[in-house]
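Read through the structure below, which is laid out as structure tokens, and then see the notes.
Number of protein chains: 2
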Amino acid sequence: MGSQGSQPGRVMAQTGRVLGPRALKTRQRLLDATAQLLRDRSVLDISVVEIARKAETSPATFYHYFKDVEEATLQLARQAIEEMPAVLEQIDGSWDGARGFDTARGIAEAFLQHWETHHAVLLIRNLAADNGDRRFQKVRRDALAPVLERLADRILEAQEASHVSRTLHPFAAAAALGSILEKLSAHAGELAHRGISRDDLIDTCAGILFQVVTGRSLD
Amino acid sequence: MGSQGSQPGRVMAQTGRVLGPRALKTRQRLLDATAQLLRDRSVLDISVVEIARKAETSPATFYHYFKDVEEATLQLARQAIEEMPAVLEQIDGSWDGARGFDTARGIAEAFLQHWETHHAVLLIRNLAADNGDRRFQKVRRDALAPVLERLADRILEAQEASHVSRTLHPFAAAAALGSILEKLSAHAGELAHRGISRDDLIDTCAGILFQVVTGRSLD
DNA sequence: CATCAAATTTGACGATGTATCAGATTATAC
DNA sequence: GTATAATCTGATACATCGTCAAATTTGATG
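Which chain is which? The protein sequence lines are A and B, in order.
Just so it is clear: in the first sequence, position 159 is 236 by the working numbering, and no numbers are missing.
Just so it is clear: in the second sequence, position 204 is 281 by the working numbering, and no numbers are missing.
Structure representation (structure tokens):
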């Protein structure tokens, strides 16, 4: 998970050198500073100088560890993956009867949590991925694939039990559901103006999730 | 729909002056150059100098018309709205029986078209909107609201006919469907690797759309 | 068609940011 | 305490930003 791919498992500086404890600390300080700035300002106007200032070091040090701001962001996106297991546990819950809806709710909640924590970084990750950047596409895939694959499995099961139409491609449907979940936190802010509460939103997303995954209706 | 809000309907320079024909041409040249650069590079690394070069003018001229690159993008996002009616026509089609699925397909196709045309600009619009920028939120709302409202109406009708669960909040559900549609074009690229064709994807999205809007299953 | 005021464009510039070294500083091992 | 490797930074060349005041173009008017 280093800056370069040449020495897997070890974090490295731009020079390729493996980092010792002090360097790792400095590097993390730079990452933290980046994350914080990303939260405040927009991606479009944060600078290496600012990051360095906030991390109480110099721009030169930043460039020692990262090629540019984008690469630091990539790193932050990698760190964000580590929370996904919380979502996975939810999916493995029961999808039978009324419990199925609770499972769907659990997924929506866990996703919303994930996004509220990493909002800024995940937005950039998706922007870069949608723009065709391979590195960000991979990080995004690594984060979502386990979730989507399990969802797709459930959909496939439902199709085999003739609950769900074969018109839906299981993985494509899972990916579509993923885009709802990813937008949850953004919606939460905007839909509040229409008198739609956070719970309304979670219930609605969970409802769609449940309906598509199981093929059953709610009520 | 000018650069400032103070003189609605007239395009203005940063100074507030109303623009004549020559100025309008220059301004549009700058917008076109911006759009083209946005297509090639990422937002993160385009500069005013480059835009000016491509538009065969000087940076100072750019600043005469726009506060910054973001504002030029905002303008491009406004121009993109004008194609939405094509989507609206689709929604007003019939949702009965097998025709309903065709209507859903039509919507998905129209959306995909829209996104393939304005990819780069729409990505930035959504990024800025999700980041809390009011101006971009408004543009985004103006583009989507008519679509979402009509979808919400259909869902409400289906609820009144007891086809769809009241657990779904009509507008929230419409917004969720919107996020699927908006992600369509991004997915198209990434899911191709999994052997999922563009048609699979459209059918799947249309399927989800149909299912949520009408409450009926497919097959 | 010459003149002039308004409209439009730009050259020039200080401030700030980028990206890169070579060399200074600090930690560690012996 | 000295040597060696690891880590950090000052200095720097170069690009971009954003703002003027001034130059150029337009086209309306006598």
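Glycine residues also receive a C-beta, built at the ideal position from the N, C-alpha and C atoms.
Since the model is a prediction, treat every value here as computed from it, not as a measurement.
| Query | Result |
| --- | --- |
| Would you mind sorting residue 256 of chain B into buried or exposed? The rule is 16 or more other CB atoms within 10 Å of its CB. | buried |
| Just curious, the alpha helix (DSSP H) that residue 307 of chain A is in, first and last residue? | This structure leaves residue 307 of chain A out entirely; chain A is present only between 78 and 296. |
| Using C-beta distances below 6 Å, list every residue in its chain close to residue 82 of chain B, excluding the 5 sequence neighbours before and after it, in chain order. | Residue placement at residue 82 of chain B is poorly supported in this model, since its pLDDT is 43, which falls under 50; the coordinates still yield a value, given next. No residues qualify anywhere along the chain. |
| What residues in the segment 269-292 of chain B have a beta carbon less than 7 Å from any beta carbon of chain A? | 271, 273, 277, 278, 280, 281, 282, 284, 285, 288, 289 and 292 |
| Does DSSP classify residue 241 of chain A as helix, strand or coil? | coil |
| If I measure Cβ to Cβ from residue 80 of chain B and keep anything under 6 Å in the same chain, skipping five residues before and after, which residues do I get? | Interpretation of residue 80 of chain B is limited by its pLDDT of 43, a score under 50 that renders its predicted location unreliable; the figure taken from the coordinates is listed afterwards. 89, listed in sequence order. |
| Taking buried to mean at least 16 other C-beta atoms within 10 Å of its own C-beta, is residue 101 of chain A buried or exposed? | exposed |
| Do you know whose CA, among B:268, B:107 and B:235, lies nearest residue 126 of chain B's CA? | B:107 |
| Does the beta-carbon distance from residue 262 of chain B to residue 192 of chain B come in below 7 Å? | yes |
| Can we say the segment 282-291 of chain A touches the segment 181-192 of chain A, given the rule of at least three CB pairs closer than 8 Å? | yes |
| Establish whether the CB of residue 244 of chain A and some CB of chain B are separated by less than 7 Å. | yes |
| Answer yes or no: do residue 154 of chain B and residue 104 of chain B have a C-beta to C-beta separation smaller than 7 Å? | no |
| Would residue 101 of chain B pass as an interface residue toward chain A - the criterion being a Cβ-Cβ separation below 7 Å? | no |
| Using a Cβ-Cβ cut-off of less than 7 Å, list which residues of the segment 223-253 of chain A approach chain B; keep chain order. | 242, 244, 245, 246, 248, 249, 250, 252 and 253 |
| Per DSSP, what kind of secondary structure is residue 95 of chain A in: helix, strand or coil? | strand |
| Given that residue 153 of chain B touches chain A, what residues does it touch there, using C-beta distances under 9 Å? | Simply none; closest approach about 15 Å. |
| Using the beta-carbon count (16 or more within 10 Å), is residue 133 of chain A buried or exposed? | exposed |
| Distance cutoff 7 Å, beta carbons only. Does residue 257 of chain B sit that close to anything in chain A? | yes |
| Name the chain A residues that come within less than 7 Å of residue 263 of chain B, Cβ to Cβ? | 207 |
| Please report the straight-line C-alpha distance between residue 219 of chain A and residue 238 of chain B, rounded to a whole angstrom. | 42 Å |
| Determine whether the Cβ of residue 204 of chain A lies closer than 7 Å to any Cβ atom of chain B. | yes |
| So, at 8 Å on beta carbons, what are the nonlocal neighbours of residue 163 of chain A in its own chain, with the 5 sequence-adjacent residues on each side left out? | 187, 190 and 191 |
| Any idea which residues DSSP pairs residue 89 of chain B with across the strands? | B:95 |
| Kindly indicate if chain A contains any beta-carbon less than 7 Å away from that of residue 215 of chain B. | no |
| Which term fits residue 247 of chain A, buried or exposed, when burial requires 16 or more other beta carbons within 10 angstroms of its beta carbon? | buried |
| Thinking C-alpha only, which one of B:234, B:276 and B:227 is nearest residue 250 of chain A? | B:276 |
| Within the same chain, show all residues whose beta-carbon is closer than 8 Å to that of residue 123 of chain B, passing over the 5 residues directly before and after it, in chain order. | 111, 114, 115 and 146 |
| In this structure, how does DSSP classify residue 159 of chain A when only helix, strand and coil are distinguished? | coil |
| Using the beta-carbon of each residue, which ones in chain B are nearer than 8 Å to residue 147 of chain A? | 121 |
| Between residue 216 of chain B and the rest of its own chain, which residues show a CB-CB distance below 8 Å, the 5 nearest in sequence each way excluded? | 151, 154, 155, 158, 202 and 206 |
| Just mark residue 270 of chain B as buried or exposed, buried being the case when its beta carbon has 16 or more other beta carbons within 10 Å. | exposed |
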